[in-house]
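**Student:** Pasting in a structure now, in structure tokens, and then I'll have a few things to ask.
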Amino acid sequence: MRILHNLDPAVHAAIQERGYAYGTVRLRSSTGWDLSVKRRTQRGGDVTMMMARQAAWRTLREAIPDDHVVIRKVAKVTKRGQSGNTKPVISFADGGSADFDLVIGADGVHSTVRKHLFSGHSVDVAAVFSKRCGIWGFIPMRIPEEVASTKSVVIVMGDNASMGYSAYCPTEDDSLTWWSLYDTDEPPSRKEVPREFVSAMLQDMYGDWEEENVRGVVQKASAPFIYPVWTVPELPTWGDGGVVLVGDAAHAMTPDIGQGTSQAFEDSEALGMLLGRALQEGGIAQDAAVDLAVRGLYECRLPRLSKIKLLNAQARSKGVRRNIWAQRLVFFCIWITSRLTWLHNLMYSNDREVEEIINGWDGDLETRKVVEKLLPLL
1 MRILHNLDPA VHAAIQERGY AYGTVRLRSS TGWDLSVKRR TQRGGDVTMM
51 MARQAAWRTL REAIPDDHVV IRKVAKVTKR GQSGNTKPVI SFADGGSADF
101 DLVIGADGVH STVRKHLFSG HSVDVAAVFS KRCGIWGFIP MRIPEEVAST
151 KSVVIVMGDN ASMGYSAYCP TEDDSLTWWS LYDTDEPPSR KEVPREFVSA
201 MLQDMYGDWE EENVRGVVQK ASAPFIYPVW TVPELPTWGD GGVVLVGDAA
251 HAMTPDIGQG TSQAFEDSEA LGMLLGRALQ EGGIAQDAAV DLAVRGLYEC
301 RLPRLSKIKL LNAQARSKGV RRNIWAQRLV FFCIWITSRL TWLHNLMYSN
351 DREVEEIING WDGDLETRKV VEKLLPLL
């Protein structure tokens, strides 16, 4: 949200209006017992938002004049110098082609740009199925008081699964959004699935849970959206020859800490800052400035992404299946520490470190350091 505000306050305001700004995360057991209530740390008066990626994309798209957008299917990307070309070239599925000063591959986990960037390399850059699928949807239901009064996201935890739910946006008083993850060896063939499949799966995972809102989901969920969770293997670089990858195309991760969209925004801001500084301060040719920005993006963003991915892996490991008594012991520890401040601070000091990592990105500082480092090498 800080990056969106820096980009365009009007876009920032539109996102706030259309999304769900929450300030509290409530952990609850599958029996309906509140384990802890934790307020989100905000920085500089900013807010934490929950919003579908499609809605965020649509808001950004609305800020761009229609005559600035050309939609064509990309068939191939050729790096600068790869075939004697002096600029990177995009070949389109309709048979046309065009050259550009810079090609930015922001085309997601199954990136066409990534495929052609590493064409001829021995490294396998294809997306990897994580053997998990996300599932989310809406049910017609009055927003629970504990959600509405404290603007909460509720995470309900069981022995071998969890489910989250919240309001969706400020105006949808009678629609509750919910989400979960489930294990599967094969990705589904389509995003919308029959009600019978959903009902059977939810009944199997949550049928014996007593938490009333989860029971409402199990009873009312019809045909929610299911999306396979894919990741991108570690890449030796994010760009070369005037072509660069950002967001999921470069480093797609599982959604355990919900950082995919945020990291894509950080990539985009950093790339713009690097290119702007190289052009304005470097006194170098345009192609050299592009190369500096492409290399600099990888250098300044990789250390942060490595930390974020580690946090993601740690969060996923906390969701491993436990027997019922081990899970109850975990629940009791969460409950008791949430009520003894000194014990919570002692046992959960790592939570503050996590927040510092997530909120600690300073794009201006990091890009400035990288430009100062790389300019003398050109």
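Read in full-length UniProt numbering, the sequence shown has 57 at position 57, and its numbers run on one by one without any break.
The beta carbon of each residue, even a glycine, is placed where N, CA and C say it ideally should be.
As the structure is a computational prediction, the values presented were derived from the model and not from experiment.
#1: Just mark Gln263 as buried or exposed, buried being the case when its beta carbon has 16 or more other beta carbons within 10 Å.
#2: Do you know offhand how far Val370's Cα is from Glu299's?
#3: For the segment 238-245 against the segment 109-125, do three or more pairs of beta-carbon atoms, one drawn from each stretch, fall closer than 8 Å, so that the two count as touching?
#4: Measure the C-alpha to C-alpha separation of Ala313 and Lys220 and round it to an integer number of angstroms.
#5: What does a CB cutoff of less than 7 Å around Arg304 pick up in its chain, not counting 5 residues either side in sequence?
#6: Does the pairing of the segment 275-294 with the segment 116-123 give three or more beta-carbon distances under 8 Å?
#7: Determine whether the beta carbon atoms of Ala252 and Asp107 lie at a separation below 9 Å.
#8: What are the boundary residues of the beta strand (DSSP E) that Phe138 is part of?
#9: What are the boundary residues of the beta strand (DSSP E) that includes Arg40?
#10: Nearest to Leu275 by alpha carbon, out of Val294, Phe265, Ile257?
#11: Take the Cβ of Ser349 as the centre, count every other Cβ of all protein chains shown within 10 Å, and call the residue buried at 16 or more, exposed below.
#12: Tell me Pro228's beta-bridge partners as DSSP assigns them.
#13: Per the DSSP calculation, Gly164 is bridged to which residue(s)?
#14: Over the uninterrupted alpha helix (DSSP H) stretch that includes Ser262, give me the two end residues.
#15: To the nearest angstrom, how far is it from the Cα of residue 379 to the Cα of Met1?
#16: Name the one or two DSSP bridge partners that Leu27 has.
#17: Is it true that the CB of Ala98 sits closer than 9 Å to the CB of Ile90?
#18: For Ser162 and Tyr168, which I take to be in contact (beta-carbon distance under 8 Å), what is that distance rounded to the nearest angstrom?
#19: When you compare only the Cα positions, how much space is there between Leu340 and Lys38?
#20: Which one of Arg142, Gln82, Leu102 has the shortest CA to CA distance from His121?
**Tutor:** So, to answer that:
#1: buried
#2: 7 Å
#3: yes
#4: 32 Å
#5: Trp361
#6: no
#7: no
#8: 128-140
#9: Note, Arg40: premise wrong, no beta strand (DSSP E); not H, not E.
#10: Val294
#11: In this prediction, Ser349 has a pLDDT of 41, which is less than 50 and means its spatial position is unreliable; nothing more can be read from the coordinates.
#12: Cys133
#13: Ile155, Trp179
#14: 260-281
#15: Residue 379 is absent from the model: the chain starts at 1 and stops at 378.
#16: Ser36, Ile155
#17: yes
#18: Their Cβ separation, rounded to whole angstroms, is 19 Å, which puts Ser162 and Tyr168 out of contact at 8 Å.
#19: Residue placement at Leu340 is poorly supported in this model, since its pLDDT is 47, which falls under 50; the coordinates are not used for a value here.
#20: Gln82
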